[in-house]
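Chains as they are written, first to last, in our numbering: chain V, 329 to 674; chain S, 329 to 674.
The C-beta atom is built at its ideal place from N, Cα and C for all residues, glycine as well.
Here is the structure we will look at, set down as structure tokens.
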């Protein structure tokens, strides 16, 4: 099955072992332009994450992991203890790039452990780190496929699906499997997702490549469409899932969840590898506030007059009572099951 | 009290009796540019309305009324019955420009009656029509002031107000009176209001001129802000109010009303001269669908890839149970009072 570019993360990010650089698809410009950014230093890697060259919890975590490989290469002649210290410092820099998604923190912790072990046994930390992140990318792609396949089962035969932002590789799998393998009739409605327009660009493009009819809405239209019964299903990804079943995702996810509940439309969350075991509830999820000047412009054109401030919370939290089900690589769960998701008995 | 440009409609539209033209501020470009469009024919007047050179229920109705004066001038040498027929035909053309707001229909009906009477008594229909619409503009400005003054009374001393789209002259009066005369501390949060960005341009600019702090939000952020308790009050205008208290207004008004109700925030509608006596309930309000290509671009820049459709319902209907109060020139009413608003006993 031929799938769109963003379905496999290795299409969009890689570590160049010859050059010691991290190469990343610029998601701010895709699909209007397919341009890759080459990061040659830790600062350039961190900037690619904060400036949203790479977006989405798993992809930005992979780029951070490759950034550690780059740092290991640049310090490979240093004494072991100083190499370890440099990696730990680099990890702190990368950890502070984006606070909301949990993938970044888990990947950095695991990568630092792997690198430290390699250094202590005299191994090449750069190679070990690049191998480790390559493995994480492959694992993540498999998680996305399993999650998307489970989600496809939930769609009715004639599905009109509202989505917000770009729900990533699992969305591509859900649409592809439901449309091509199961023969379901799908119509995707994508909120444009201001200010970065991920819905207008990434979601609309990927769905169109899969062959699913896609209609774009501005972010103020879903309520009316719910009131007219236009949607059978509301689907988003999650940047972090808490153990109480709360879901942090792109700003706006909450308001459409409120509308879905009011109009009796199920809300399914593409939960990939499940909840963050370190986050007990939604109140413990930090909400990143980004540069408010983004809100004052659109597609590079200033929209607001001088003297007007902006406010840009990048995520919101949807409480578990508004979530119908969380779909992970293991199957379909109700929010209350997140508390025991990682326990051995599961 | 010095008030921003849009507070008095005569600043933004007029009939030029020397030239026989209708002169209209281009609200698509204001405040970035202050440009007036001169309409020399019925088609140009109709286009100024459909293309949103002029926006808002009362202002576009006034422009249509002046358009009849222009038509009367162009046919003044014709026999009386043919002049009357030309005006009635022009009225039909103008009536079909925008279906949702009721002001257009009421003003056209009244203007055609006035013109017909003038012609039958041998009067100059152009002058009578221009005089009539001038009077309507003056009356409408007074209605807006009374409505805004009543609304100012509803604001708490420390008000954080969410608004959507541009609620017109009554919003300017509400903010000016509450801020300057009553000394209340106000902070306005304006949704940018895609696709035409009336919030980012008109609302933000007018509030800033009045001296009220204004923060711009994209249309997907209000839900999060409600969940954080950031708003004391939600205020919009109405393009049409039905006798059951349903409110048609700019697309998105409904979804924020749902959120306001969920979070216990009152929703006040600036209702100007009250409900449309010819509209029994919300189901009888036609929702205009505009050119969907507007949704595929922002500020003149294409945002969506090729192959993606758009959908552009321009208004939505908020049911009366989500409306706390409707503020008109006569005072503050609950939605259930709209049914008897126009009865003589009132």
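* **One or two residues paired with residue 350 (chain V) in a DSSP bridge** => V:343 and V:367
* To do: Within the same chain, show all residues whose beta-carbon is closer than 8 Å to that of residue 428 (chain S), passing over the 5 residues directly before and after it, in chain order.
  => 567, 568, 576, 613, 614, 615, 616, 642 and 643
* Counting contacts by CB-CB distance shorter than 8 Å, is residue 644 (chain S) in contact with chain V? -> yes
* Residues from the region 557-579 of chain S in contact with chain V, defined by Cβ distance under 7 Å -> 579
* **Limits of the unbroken alpha helix (DSSP H) element including residue 548 (chain V)** => Looking at the DSSP string, residue 548 (chain V) is not in any alpha helix (DSSP H), and its letter there is neither H nor E.
* From residue 401 (chain V) to residue 408 (chain V), what distance separates their C-alpha atoms? -> 13 Å
* Would you kindly check if the distance between the Cβ of residue 580 (chain V) and the Cβ of residue 548 (chain S) is under 8 Å? => yes
* To do: Using 10 angstroms around the beta-carbon of residue 364 (chain V), count the other beta-carbons present and answer buried if the total reaches 16, otherwise exposed.
  => exposed
* Using DSSP with H/G/I as helix, E/B as strand and the rest coil, what is residue 674 (chain S)? -> Since pLDDT at residue 674 (chain S) reaches only 47, below the 50 mark, its modelled position is unreliable, and no value is offered.
* Report yes or no: do the region 587-602 of chain S and the region 474-489 of chain S share at least 3 C-beta pairs separated by less than 8 Å? => yes
* State the Cα-Cα distance for the pair residue 551 (chain V) and residue 585 (chain V), rounded to the nearest angstrom. => 10 Å
* Short CB-CB distance (under 8 Å) between residue 555 (chain S) and chain V -> yes
* To do: Take the Cβ of residue 630 (chain S) as the centre, count every other Cβ of all protein chains shown within 10 Å, and call the residue buried at 16 or more, exposed below.
  => exposed
* Asked: Quick one: what's got a C-beta closer than 7 Å to residue 660 (chain V)'s C-beta in the same chain, skipping five residues either side?
  -> 478, 482 and 653
* Are the Cβ atoms of residue 621 (chain V) and residue 635 (chain V) separated by less than 8 Å? -> no
* **9 Å Cβ cut-off: residues of chain V touching residue 486 (chain S)** => Within 9 Å Cβ-Cβ: nothing; residue 486 (chain S) doesn't reach chain V, min ~18 Å.
* At what residues does the beta strand (DSSP E) containing residue 489 (chain V) begin and finish? -> 486-491
* Label residue 674 (chain V) either buried or exposed according to how many other C-beta atoms from any shown protein chain fall within 10 Å of its C-beta, with 16 as the threshold for buried. => Note that residue 674 (chain V) scores a pLDDT of 47, beneath 50, so its modelled location is shaky and nothing firm can be said.
* Asked: Quick one: any contact between the region 487-494 of chain V and the region 522-532 of chain V, if contact means 3 or more CB pairs under 8 Å?
  -> yes
* Taking only beta-carbon atoms, is residue 583 (chain V) less than 8 Å away from chain S? -> yes
* **Chain-ordered residues of the region 631-659 of chain V with a beta carbon less than 7 Å from chain S** => 631, 632, 633, 635, 636, 637, 638, 639, 641 and 644
* Check whether the Cβ atoms of residue 553 (chain V) and residue 545 (chain V) lie closer than 8 Å to each other. => yes
* Which residues, in order along the region 337-371 of chain S, keep a beta-carbon less than 8 Å from a beta-carbon of chain V? -> 359 and 360
* 8 Å Cβ cutoff, residue 663 (chain S) in contact with chain V -> no
* Comparing the C-beta of residue 616 (chain V) with each C-beta of chain S, is any distance below 8 Å? -> no
* To do: Determine the extent of the alpha helix (DSSP H) in which residue 581 (chain V) is found, giving its start and end residues.
  => 581-590
* Please confirm if residue 522 (chain S) has its CB atom under 8 Å from at least one CB of chain V. => yes
* To do: Kindly indicate which three-state DSSP category residue 520 (chain S) falls into: helix, strand or coil?
  => coil
* To do: Kindly list, in the order they appear in chain S, the residues whose Cβ is closer than 7 Å to that of residue 552 (chain V).
  => 579, 582, 641 and 644
* Asked: Using a C-beta to C-beta distance shorter than 8 Å, which residues of chain V count as neighbours of residue 519 (chain S)?
  -> 548
* With DSSP as the reference, label residue 593 (chain V) as helix, strand or coil. => coil
* Asked: Under the rule that 16 or more other beta-carbon atoms within 10 Å means buried, what is residue 558 (chain V), buried or exposed?
  -> buried
* Check the Cβ-Cβ distances between residue 674 (chain S) and every residue of chain V, and say whether any is below 8 Å. => Residue placement at residue 674 (chain S) cannot be trusted, given a pLDDT of 47 that sits under 50; the coordinates are not used to answer.
* Asked: Quick one: what's got a C-beta closer than 7 Å to residue 359 (chain S)'s C-beta in the same chain, skipping five residues either side?
  -> 529 and 533
* Asked: Do residue 538 (chain S) and residue 332 (chain S) come within 8 Å of each other at the CB atom, strictly closer than that value?
  -> yes
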